[in-house]
Structure formats: structure tokens, C-alpha cells
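First up is the structure itself, then whatever we jot down about it.
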Amino acid sequence: MLRLSRTSKIVLGVVVAIVLAFMYIPLALVVLNSFNSARIVSWPVSGFSLEWWGKAFTSEPVRAALLNSVLVASGATVIAVILGTLVAFALQRYSFFGQRAVNLLVVLPIALPGIVTGVALNNTYNQLLEPIGIQVGFYGMIIAHGTFCIVMVFNNVLARLRRMNPSIEEASQDLGASPWQTFRLVTLPQFRSALIAGAILAFALSFDEVYVTIFTAPPGVDTLPLWIMNQMARPNEANVVNVVATVVIVASFLPVWISQRLGKEVDERD
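Residue numbers (the working numbering): 54 to 323.
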């Protein structure tokens, strides 16, 4: 076990404290300003008020943007779960020509800058599909998000499949189980936690995507990140934005906690 000197521990502790402060003090300011009685963001907070919370929860644009974000993220997650799992099984269980190329093509969208993906999809929708009468509309935005969310599920499931013992499935089939029974009772329980963790990450990635959404959202349709970005240009609405951001911050703890728990369960099982 590596042992650090007292000086090293102090230096490491100071560095960690600075990094954590740099990360979380701005978030704390967002939360505090959501209760600020002033009409504009200010520091120190001039007084305590729930006025902005009331306006945020009764705002129709906020509710519409939140609903759009949930629908898009849910649709993208479904696409990612289905396609990401299928591709992971194909690359893990079979050998075929172009296997490495397929692996690269699946991972590539997450490596590309979001603005490049957004421009490419926008050109495809507007210059290729619309002239032949195909209007993708809201579904086009879901498909666009699904293209980079697949990687989250694919990586998690593929990593788990590589750690599975194939002899367990072979034993199930030798004992007379059908392929579906083997998958449902033997295979799925072994990679289910990785699948759920990947789905959660895919949902979170889609929920806060901005660049791809800007280029693929239909006219007049805002997701929550787009609504926040548009409202930041209005100083009088900044504290309402802080309320929405505070809710998102609190809600973000749940998927992170679930993902950590699922990852811990996988490690303990192994």
C-alpha cells in the first residue's frame, strides 16, 4: 500500500479542496440566488424570497421545455438501449469482416464535437429529406440525440459482456433451456445493472444536450437547456433560471447515485 508523507497529504488535501471549491461554489451561488429577493442576480444575496420559485413552477414555457427534454431524452434512451445492446452483443459474440470498423463508427459520434454533429444532421434533414417530402420534425431531434447516446449503453454492456463467463450460458443450454430462457434467466441478470447504468447516462447526456438540439429542434420547440440559454439574455429572468438550474442540480444527484450503486453491485458480484 502506498504511504504518503505528512507534507504530501497536506498538499494533496489543499489541491483537492481548491478543485472542489472551484467546482461547487458556483453551484452554491446558483442555489442561493434562486432564493434572492432581488430582481437580478447579485452577491451578496439581498434577502430571502420564494417569489422566483413560484414563478418557475407556474411558468408554462418552463413546463413545456421540461416536458420536451424528458420526451427527447426518453426517446433517445430507448434507441440507445436497443441499438447499443444489439451492437454490443454482435461485436462480442461474433467475428466478422469490418468488426473493428463497426466498433469505431459506433463510438465516433461521442468523440465528434456536438456542433459538427448538429450541422451534419441539420443538412441531412433540410437538404436531403425535406426535398423528397420527409418531415422529421420532433422525431428528428430524438433520432439526433440517439446517435450519440448509443455509446453510453454500448460501452457499458460491451464491458460487462467481456467479463461474463460463457460456460454459464452453455450449461443452461445443456440442461435443456431454450435460447430465450437462457437469455432471460441467465444472460440478462448478468448484464442488467450495466444496461441500466448505461441507460441512465444516456438519458442524462440527452437531457442537457445543447449544440445538437439547436440545429435539429423544430421551430418554436425548446428543450430545458435551450430555454435556459435563451433566458440568460434577459437579466430580469435570471433568478427564475437559477430556480430551474437548482431543481436540475438536485435531480442530478439521483441518477449519479443509482449509477454508482449499480457499478458497486457489479464489482461485488465479480
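Idealized CB from N, CA, C, for every residue including glycine.
- Shown here, Phe75 sits in a helix according to DSSP, grouped into three states.
- Taking C-beta atoms as the reference points, Gly137 and Gly273 fail to come closer than 8 Å.
- In the DSSP assignment, Pro271 falls outside any alpha helix (DSSP H), carrying neither H nor E.
- Burial state of Thr269 is buried, judged by a 10 Å Cβ sphere holding 16 or more other Cβ atoms.
- Assigned with DSSP and collapsed to three states, Phe88 falls in coil, not helix or strand.
- Contact fails between the region 201 to 213 and the region 295 to 310, because fewer than three Cβ pairs, one in each stretch, are under 8 Å apart.
- Look at the beta carbons and you see the region 76 to 94 not touching the region 248 to 268: under three pairs across the two are nearer than 8 Å.
- The beta carbons of Gly186 and Glu262 sit no closer together than 8 Å.
- With contacts defined by Cβ atoms closer than 8 Å, Ala129 and Ile221 do not form a contacting pair.
- Short of 8 Å from the beta carbon of Tyr264, and not among the five residues preceding or following it, lie these beta carbons of its own chain, in chain order: Pro166, Gly167, Ile168, Thr170, Gly171.
- With fewer than three CB-CB distances shorter than 8 Å, the region 174 to 184 does not count as touching the region 100 to 119.
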